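Count the sequence shown with numbering that gives the first Met the number 0 and you get residues 0 to 245, in order. Glycine included, each C-beta is placed from N, C-alpha and C at the ideal position. All of these numbers come straight from a predicted model, not from anything done at the bench. Down below is the structure, laid out as structure tokens.
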Amino acid sequence: MPTYHAQAIVLAKTKLADSDLIYTLLSDEGSQLRAVGKGARKPTSKLSGTMELFHTVDLLAYKGRSLDTVSDAKLVAANRAIVSDVRLVALASTVAELVAKLSRSGQIEPRIFEMTGSYLAALDADQRAPTLTVAALLKISAQIGFRPEFHSCVLCGSPVLAVGSYRDFSVNEGGVLCSDCAAQSQSQSLSAELLAELERLLYSTFEAIVPAALPPRQLFAFVAQWLECHLQLHLKSYRSLGEYFE
Ligand SMILES: [Zn+2]
Numbered sequence: 000m001p002t003y004h005a006q007a008i009v010l011a012k013t014k015l016a017d018s019d020l021i022y023t024l025l026s027d028e029g030s031q032l033r034a035v036g037k038g039a040r041k042p043t044s045k046l047s048g049t050m051e052l053f054h055t056v057d058l059l060a061y062k063g064r065s066l067d068t069v070s071d072a073k074l075v076a077a078n079r080a081i082v083s084d085v086r087l088v089a090l091a092s093t094v095a096e097l098v099a100k101l102s103r104s105g106q107i108e109p110r111i112f113e114m115t116g117s118y119l120a121a122l123d124a125d126q127r128a129p130t131l132t133v134a135a136l137l138k139i140s141a142q143i144g145f146r147p148e149f150h151s152c153v154l155c156g157s158p159v160l161a162v163g164s165y166r167d168f169s170v171n172e173g174g175v176l177c178s179d180c181a182a183q184s185q186s187q188s189l190s191a192e193l194l195a196e197l198e199r200l201l202y203s204t205f206e207a208i209v210p211a212a213l214p215p216r217q218l219f220a221f222v223a224q225w226l227e228c229h230l231q232l233h234l235k236s237y238r239s240l241g242e243y244f245e
């Protein structure tokens, strides 16, 4: 049977039969791999400890008719701080879910492997965690072509001047609107503070990001709307986030 090597991030694990697992992985080429870990749920399995959620692994697998099978895996980058903290698991799961959906539909590129890896490496139990997660969701969305526009009207191109503390914004059209265009189309009023924060997150490196001054709930509400509109994604994992934002 043909075997292959791949570097990949473990995005999800699903139970299969009594002791097996199916892994959903993002390869460094940007493609999605789905592979079975035979006996992976047994405590003695050589895969347990390595093929864990959010780890980057070096994988040896063989091709199957429908699913591949993992025969060996070496750890490249562990993210143990995440899996020992339910709050971080909930946050990282939103990004893993987005990446899994994009890679399944083929809307992915190698750069997203790097972005996801950098996000997971930066995520630890400090106050930045929700802000980093919003940044990761925005950056990945922008990378595949859905990048919010903050300064020029997305309908006519004229500069949107910073007047007052609110801007007309159309999620559907992808950015801010000038007052003339806003009068003729559907838009919502978003605070200049929120838009400035989103722009900062989109264009900062993960290392440089500091906790948002705004409640994370507001940032997530925007990102959820953005992803639903442009990618038709209704991320299941958002629901588990609610309780952390009270
Ligand atoms: Zn306009």
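Item                                                                          : Value
Under the three-state DSSP convention, the category T49 falls into            : coil
With 16 other Cβ atoms within 10 Å as the buried cut-off, status of G174      : buried
E51 versus A11: straight-line alpha-carbon distance, rounded                  : 9 Å
Proximity test, L46 beta-carbon vs ligand 1 heavy atom, cut-off 7 Å           : no
Pair within 8 Å by beta-carbon distance, D27 and P109                         : yes
Any heavy atom of ligand 1 nearer than 5 Å to the CB - residues listed        : C152, L154, C155, C177 and C180
Beta carbon of I8 nearer than 8 Å to that of F149                             : no
Rounded distance between the beta-carbons of A134 and F205, thought under 8 Å : 7 Å
Straight-line gap, V98 to P215 (C-alpha atoms, nearest Å)                     : 21 Å
Per-residue DSSP class, three states only, for S190                           : strand
Candidates L189, L66, S117 and L74, of which the one nearest V162 by Cα       : L189
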